[in-house]
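In the working numbering, the protein residues as written are 1493 to 1669.
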C-alpha cells in the first residue's frame, strides 16, 4: 500500500457515507435494522466470469422460519482477562519494565492461554515505544501446550521459548521477540 493512513481513513468515511445513503434509500437509519433480513439481498444473474461459475449462494438468501429466535447479539459475551497468563508475566517482568533489568521467567502454559505474550508486549510498547528493550531483556520459558497465537506480536526485547506444543498462529506478526 503506497498511500497514507489518512487515505485509508478517508476511504472508510466514503464507504460509511455510501452505506448510510443506501440504508436511507431503503428506509433504514441503522445497520442493526437490516441484520438477518436476507430478503433484502438480490441475486445478479449477469455475472458470467469463469470464477463465478458453479457458485451457489442459495443458503445466503434463505431466511429460516424461526420467528422467536434472535437474529444477532442477544447476550453480552464474557471475556475475563483478569486472570490470564499475561497478567502474571507482566507482574514477574516488572524489573525489566520499570528499570530495564533482565528477567527470566519459567512457567507452565495451557491451551486456554491464548495470545500469550501480547499483553506483556503491549506493556513494553507503552513504556519503550517501537525501540523496545535490549535483546532478551525479558526471557520467558513456558512448558506445556500453548493456545492460539502463542508469542504473537512480541515486542523487541521479549523472547519466548516453548517446551511442548503450540496451537495455530505461533509467532504471528512477529516483529521483535
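Just so you know, even glycine gets a beta-carbon here, dropped at the ideal spot from N, CA and C.
Runs of beta strand (DSSP E) with 3 or more residues, each lying fully within the stretch 1597 to 1666, are found at 1630 to 1638 and 1650 to 1658, listed in chain order. Bounds of the alpha helix (DSSP H) holding residue 1504 are 1497 to 1518. Buried is the label assigned to residue 1644, since at least 16 other Cβ atoms lie within 10 Å of its Cβ.
A direct Cα-to-Cα measurement between residue 1589 and residue 1610 gives close to 15 angstroms. Cβ atoms of residue 1656 and residue 1636 come within 8 angstroms of each other, at about 5 angstroms. In this structure, the beta-carbon distance from residue 1638 to residue 1591 does not fall below 8 angstroms. The beta carbon of residue 1593 sits closer than 7 angstroms to those of 1587, all from its chain and outside the five residues before and after it, given in chain order. Within 10 angstroms of the beta-carbon of residue 1533 lie fewer than 16 other beta-carbons, which makes it exposed. Shown here for residue 1596: same chain residues with a beta carbon closer than 6 angstroms to its own, the five before and five after excluded, namely 1631 in chain order. Beta-bridge pairing by DSSP links residue 1595 to 1630. Under a 10 Å Cβ-count criterion, residue 1585 is classified as buried, with 16 or more other Cβ atoms of the shown protein chains found around its own Cβ. In terms of Cα proximity to residue 1573, the closest of 1558, 1605 and 1505 is 1605. By the criterion of a C-beta distance shorter than 8 angstroms, residue 1524 is surrounded in its chain by 1564, once the five residues flanking it on both sides are discounted. With contacts defined by Cβ atoms closer than 8 angstroms, residue 1612 and residue 1581 form a contacting pair. In terms of Cβ geometry, residue 1616 and residue 1642 do not form a close pair [threshold 8 angstroms].
Judged by DSSP in its simplified three-state form, residue 1590 adopts helix.
Listed in chain order, the non-local C-beta contacts of residue 1647 below 6 angstroms within the same chain comprise 1613, 1616, 1617, 1624 and 1668, local neighbours out to five positions each way being set aside. Between residue 1530 and residue 1553, the C-beta spacing is below 8 angstroms.
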